[in-house]
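Per numbering that gives the first Met the number 0, the very first residue in the sequence shown carries number 0; after that it's consecutive. One structure is given below, encoded as structure tokens.
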Amino acid sequence: MRISWSLARQFLLASLLVLLVNGLLIGLWIGRQIEGNVIHSASLDTALFVESVVAPYLQPIASQHQFTSAQATALDRHFSSGPFRERIVAIKIWARDGTVLYSPNPQLIGQHFAIGDDLQQALNGQVNANMSDLRDPENVYERQHWTQLVQVYVPVHATTDGKVIGVAEFYQLPDILERDIAAARLRSWGVVIALTLATYLLLAGIVGRGSRTISNQQRTLNEKVVELSTLLNQNRSLSERVQQAAAHTTTLNEQALRRISADLHDGPGQTLGLALLRMDGLARCCGETKDFEIVQKAVQDALREIRSISAGLVLPELESLTVVEVVERAVREHERRSGIMLQLNVHDVPEHAPLPVTITLFRSLQEALSNATRHAGGIGVMVRVWTGDHQLYLAVSDEGPGLIDTPGVERPHLGVAGMRERAQMLGGRFQLHSEPGQGTTVNICWPLPTKEEAWNEDSIVAVI
Numbered sequence: 000m001r002i003s004w005s006l007a008r009q010f011l012l013a014s015l016l017v018l019l020v021n022g023l024l025i026g027l028w029i030g031r032q033i034e035g036n037v038i039h040s041a042s043l044d045t046a047l048f049v050e051s052v053v054a055p056y057l058q059p060i061a062s063q064h065q066f067t068s069a070q071a072t073a074l075d076r077h078f079s080s081g082p083f084r085e086r087i088v089a090i091k092i093w094a095r096d097g098t099v100l101y102s103p104n105p106q107l108i109g110q111h112f113a114i115g116d117d118l119q120q121a122l123n124g125q126v127n128a129n130m131s132d133l134r135d136p137e138n139v140y141e142r143q144h145w146t147q148l149v150q151v152y153v154p155v156h157a158t159t160d161g162k163v164i165g166v167a168e169f170y171q172l173p174d175i176l177e178r179d180i181a182a183a184r185l186r187s188w189g190v191v192i193a194l195t196l197a198t199y200l201l202l203a204g205i206v207g208r209g210s211r212t213i214s215n216q217q218r219t220l221n222e223k224v225v226e227l228s229t230l231l232n233q234n235r236s237l238s239e240r241v242q243q244a245a246a247h248t249t250t251l252n253e254q255a256l257r258r259i260s261a262d263l264h265d266g267p268g269q270t271l272g273l274a275l276l277r278m279d280g281l282a283r284c285c286g287e288t289k290d291f292e293i294v295q296k297a298v299q300d301a302l303r304e305i306r307s308i309s310a311g312l313v314l315p316e317l318e319s320l321t322v323v324e325v326v327e328r329a330v331r332e333h334e335r336r337s338g339i340m341l342q343l344n345v346h347d348v349p350e351h352a353p354l355p356v357t358i359t360l361f362r363s364l365q366e367a368l369s370n371a372t373r374h375a376g377g378i379g380v381m382v383r384v385w386t387g388d389h390q391l392y393l394a395v396s397d398e399g400p401g402l403i404d405t406p407g408v409e410r411p412h413l414g415v416a417g418m419r420e421r422a423q424m425l426g427g428r429f430q431l432h433s434e435p436g437q438g439t440t441v442n443i444c445w446p447l448p449t450k451e452e453a454w455n456e457d458s459i460v461a462v463i
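This is the structure we're talking about:
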């Protein structure tokens, strides 16, 4: 099972590892520095001891190049005393050529050994101290009694000219130094651990406070996102319901217009027809006068207008027609009424569309063609219908003079407003582009619902 850690926990874990590694490295480095400093301090003490106590006994070797028995006896007496015996367990006096002039082991006196790096540094005037494992050939005596000693090389200077006349090598027990080193290391490790812990706690506090702030902000943002998502879903649902209601309203409007047309035909139309019949009878009985002819002509005109209005309100049966058939029906009826031939281009359209879209397409096409004939004289009128990206597109263009604005004169926009409202009610778009001398183009598009978004008539009625 994978554990998901926050950024704050990841940072704290990573910083803890980094601080532990750094603390370990720093502690080891400080420990080595402490060890070197303690040994160096011991070497300085030994050098001071040599300068004050041993150096006077070694001055004759500058001219004699040998160590007399009297000098050896004097040194033995000093080293056999209590304080020196506790600090120093062995000593060698070296000549400049690598010859042992003095040693607790009489067998080493007079032997010549190769000059090592430590001895060479002392011959060059530098005090040298280190922890020796006693593996060098000259350490046979020391190796028999100890496994490890602190080895200090101290140059012996001549009192006359300050030149190095020899080297005093001292061996000290490491117990005291190791205790000092261990105590110093313990203190240094305590400081390193305390600083590491304080640094980690400081970082943890800062990161924890920042993490809590970020978490609170993220929680607030998540709540806002959920709230906005809910509102968006509600708005989307309401928008869909409004579009569905508008679509159903379009259908209901056409049904209402059909009823109005029938009422006009069966009501005022029939009454005016009956009036004309009675007027014909009156004309035969009473004769025709000028006023009678005027009244009869007015009634005939009224009946003709009512029948024309009634016919215009009624749509052909569109439910069973395909999109192509609806477009062709509107175009052919306009050609029959106006006597103008139109260019028609229909491609990539679905076989059927929802009835509200079909009705709006037919009505918009009627209005656009009527405007093209009225304002452009039917010159170069072209109708194009196609689909793309779940949209049904209609474009009606002409090559007329375009719509010219006359100052002080307002053109009627009822037809354009009707086309725009029909498009927007179904979630579509309407555009009118016209320039003087370049004709006019009407572009309308309607969304076509997918299978998942198919309009449900029952839900539409519920909204209404």
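Even for Gly, the Cβ is constructed at its ideal location relative to N, Cα and C.
Checklist entry - Using a Cβ-Cβ distance under 9 Å, would Ala-244 count as near chain B? => result Absent here is chain B; the protein component of the structure consists of one chain.
Item to check | Contact under 9 Å by Cβ, Gly-377 with Leu-425 | outcome: Sequence index remark: in the sequence shown, residue 377 carries index 378 (1-based). Sequence index remark: in the sequence shown, residue 425 carries index 426 (1-based). Contact: no.
Checklist entry - Beta carbon of Ile-520, beta carbon of Arg-184: below 9 Å? => result There is no way to answer for residue 520, as the model of the chain reaches only from 0 to 463.
Item to check | Selected residue, minimal CA-CA separation from Ala-128, among Gly-97, Ala-113, Val-166 | outcome: Locating residue 128 in the sequence shown gives position 129, where the first residue counts as 1. Minimum Cα-Cα distance from Ala-128 among the listed residues Gly-97, Ala-113, Val-166 corresponds to Val-166.
Checklist entry - Alpha carbon to alpha carbon, what distance is there between Thr-386 and Ser-396? => result Residue 396 sits at position 397 when you count from the first residue of the sequence shown. Residue 386 sits at position 387 when you count from the first residue of the sequence shown. Cα to Cα, Ser-396 sits roughly 18 Å from Thr-386.
Item to check | Sequence-distant residues of its chain with Cβ nearer than 6 Å to Thr-468 (five each side left out) | outcome: The structure shown does not extend to residue 468, since the chain spans only 0 to 463, so no value can be given for it.
Item to check | Distance, Gln-365 Cα to Arg-410 Cα | outcome: To locate residue 410, count along the sequence shown from 1; it is residue 411. To locate residue 365, count along the sequence shown from 1; it is residue 366. In this predicted model, Arg-410 has a pLDDT of only 49, less than 50, meaning its place in the structure is not dependable; the value taken from the coordinates is given anyway. Answer to the nearest angstrom: the Cα atoms are 19 Å apart.
Item to check | Residues near Ser-337 by beta carbon distance below 7 Å, same chain, minus five either side | outcome: Position 338 of the sequence shown holds residue 337. Same-chain partners within the cutoff: Thr-372, Gly-377.
Item to check | Three-way DSSP call (helix, strand, coil) for Lys-162 in this model | outcome: The sequence position of residue 162 within the sequence shown is 163, counting from 1. Reduced to three states, the DSSP call for Lys-162 is coil.
Checklist entry - Under 9 Å between the Cβ atoms of Asn-354 and Glu-324? => result Position 355 of the sequence shown, counted from the first residue, corresponds to residue 354. Position 325 of the sequence shown, counted from the first residue, corresponds to residue 324. First, the residue type needs correcting, since residue 354 is Leu and not Asn in the sequence shown. Not a contact, by the Cβ cut-off of 9 Å.
Checklist entry - In the DSSP assignment, what residue or residues form a beta bridge with Ser-131? => result Mapped onto the sequence shown, residue 131 falls at position 132. Per DSSP, the beta bridge partners of Ser-131 are Leu-148.
Checklist entry - Anyone know if the C-beta pair for Val-155 and Leu-57 falls short of 9 Å? => result By 1-based counting over the sequence shown, the position of residue 155 is 156. By 1-based counting over the sequence shown, the position of residue 57 is 58. Between Val-155 and Leu-57, the C-beta gap is smaller than 9 Å, which places the two residues in contact.
Checklist entry - Rounded to a whole number of angstroms, what is the C-alpha to C-alpha distance between Val-322 and Val-356? => result By 1-based counting over the sequence shown, the position of residue 322 is 323. By 1-based counting over the sequence shown, the position of residue 356 is 357. So the alpha carbons of these two residues sit roughly 10 Å apart.
Item to check | Cross-strand partners of Ser-396 (DSSP beta bridge) | outcome: On the sequence shown, residue 396 is found 397 positions in, with the first residue counted as 1. Listed as beta-bridge partners of Ser-396 by DSSP are Met-381, Thr-440.
Next on the checklist: Taking the straight line between their C-alpha atoms, what separation do you get for Val-330 and Asn-370?
Outcome noted: As a working note, residue 330 is residue 331 in the sequence shown. As a working note, residue 370 is residue 371 in the sequence shown. Between Val-330 and Asn-370, the C-alpha separation is close to 13 Å.
Checklist entry - Residue range of the alpha helix (DSSP H) that His-333 falls in? => result Against the sequence shown, residue 333 aligns to sequence position 334. According to the DSSP assignment, His-333 belongs to the alpha helix (DSSP H) that extends over 322-337.
Next on the checklist: By the DSSP assignment, the alpha helix (DSSP H) with Leu-368 in it spans what residues?
Outcome noted: To locate residue 368, count along the sequence shown from 1; it is residue 369. Counting along the chain, the alpha helix (DSSP H) containing Leu-368 begins and ends at 354-375.
Item to check | Cα-Cα separation between Pro-349 and Met-278, rounded to whole angstroms | outcome: In the sequence shown, residue 349 corresponds to position 350, counting from 1. In the sequence shown, residue 278 corresponds to position 279, counting from 1. Approximately 54 Å, taken between the alpha carbons.
Checklist entry - Can you name, in chain order, every residue of its own chain whose Cβ lies under 7 Å from the Cβ of Ile-25, other than the five neighbours on each side? => result For the purposes of this step, residue 25 is identified with residue 26 of the sequence shown, where counting begins at 1. When the five nearest sequence neighbours on each side are left out, the beta carbons in the same chain lying within less than 7 Å of the beta carbon of Ile-25 are those of Val-191, in order along the chain.
Item to check | Residues near Asn-138 by beta carbon distance below 8 Å, same chain, minus five either side | outcome: Working through the sequence shown from its first residue, we reach residue 138 at position 139. If the five residues before and after Asn-138 are omitted, its C-beta is found closer than 8 Å to the C-beta atoms of Ser-131, all from its own chain and listed in chain order.
Item to check | Member of Asp-179, Tyr-140, Val-53, Gln-390 whose CA lies at the smallest distance from the CA of Val-153 | outcome: One-based indexing of the sequence shown puts residue 153 at position 154. Nearest option by C-alpha distance: Val-53.
Checklist entry - So, Pro-173 versus Gln-147, is the Cβ gap smaller than 9 Å? => result Translated into the one-based positions of the sequence shown, residue 173 becomes position 174. Translated into the one-based positions of the sequence shown, residue 147 becomes position 148. With contacts defined as CB atoms closer than 9 Å, Pro-173 and Gln-147 qualify as a contacting pair.
Next on the checklist: With H, G and I counted as helix, E and B as strand and the rest as coil, what does DSSP make of Asn-344?
Outcome noted: Along the sequence shown, read from residue 1 onward, the residue named residue 344 stands at position 345. Three-state result, Asn-344: strand.
Checklist entry - Would you report the Cα separation of Thr-405 and Lys-223, rounded to the nearest angstrom? => result As a first step, residue 405 is located in the sequence shown; it is residue number 406 there, counting from the start. As a first step, residue 223 is located in the sequence shown; it is residue number 224 there, counting from the start. The predicted model places Thr-405 with a pLDDT of 45, which falls under 50 and marks its position as unreliable; any figure quoted below should be read in that light. Thr-405 and Lys-223: Cα-Cα distance of roughly 53 Å.
Next on the checklist: If I measure Cβ to Cβ from Ile-164 and keep anything under 8 Å in the same chain, skipping five residues before and after, which residues do I get?
Outcome noted: Within the sequence shown, residue 164 is the residue found at index 165, counting from 1. The beta carbon of Ile-164 sits closer than 8 Å to the beta carbons of Leu-57, Gln-58, Ile-60, Ala-61, Arg-95, Val-155, His-156, Ala-157 from its chain, once the five residues preceding and following it are set aside; these are given in chain order.
Checklist entry - Among Glu-334, Val-384, Val-88, which has the Cα closest to the Cα of Ala-352? => result Counting from one through the sequence shown, the residue named residue 352 turns up at place 353. Of the candidates Glu-334, Val-384, Val-88, the one whose C-alpha sits nearest the C-alpha of Ala-352 is Val-384.
Item to check | Distance between beta carbons of Ala-113 and Gly-97, contact taken as under 8 Å | outcome: Locating residue 97 in the sequence shown gives position 98, where the first residue counts as 1. Locating residue 113 in the sequence shown gives position 114, where the first residue counts as 1. Contact flag correct, Cβ pair sits at about 6 Å.
Checklist entry - So, using beta-carbon positions, are Pro-498 and Ala-375 closer together than 9 Å? => result An answer regarding residue 498 cannot be provided, because it is not within the stretch 0 to 463 covered by the chain.
Checklist entry - Contact check, Val-88 vs Tyr-140 under 8 Å by CB: the rounded distance? => result Residue 88 sits at position 89 when you count from the first residue of the sequence shown. Residue 140 sits at position 141 when you count from the first residue of the sequence shown. Not really, about 10 Å apart at Cβ, beyond 8 Å.
Item to check | N-terminal and C-terminal residue of the alpha helix (DSSP H) that Leu-100 is part of | outcome: Counting from one through the sequence shown, the residue named residue 100 turns up at place 101. No alpha helix (DSSP H) holds Leu-100; the beta strand (DSSP E) holding it covers 99-101.
Item to check | Trp-28 - DSSP class collapsed to helix/strand/coil | outcome: Looking up residue 28 in the sequence shown gives position 29. The three-state reading of DSSP puts Trp-28 in helix, counting H, G and I together.
Item to check | 8 Å contact criterion, which Arg-168 and Gln-150 should meet: CB distance rounded | outcome: Against the sequence shown, residue 168 aligns to sequence position 169. Against the sequence shown, residue 150 aligns to sequence position 151. Correcting the residue identity first, residue 168 is Glu in this sequence and not Arg. Your pair Glu-168 and Gln-150 checks out as a contact, with CB atoms roughly 7 Å apart and the cut at 8 Å.
Checklist entry - Which partner residues does Glu-168 have in the DSSP bridge list? => result To locate residue 168, count along the sequence shown from 1; it is residue 169. Paired residues: Lys-91, Tyr-152.
Checklist entry - Does the Cβ of Thr-359 have 16 or more other Cβ atoms within 10 Å, making it buried, or fewer, making it exposed? => result As a position in the sequence shown, residue 359 is number 360, starting the count at 1. Buried: at least 16 other Cβ atoms inside 10 Å.
Item to check | Given Arg-328 as reference, the closest of Gln-295, His-346, Arg-362 once Cα atoms are compared | outcome: If you number the sequence shown from 1, residue 328 lands on position 329. Per the Cα distances, Arg-362.
Next on the checklist: My output table needs one value for Phe-112: the three-state DSSP class, helix, strand or coil.
Outcome noted: One-based indexing of the sequence shown puts residue 112 at position 113. Residue state, collapsed to three classes: coil.
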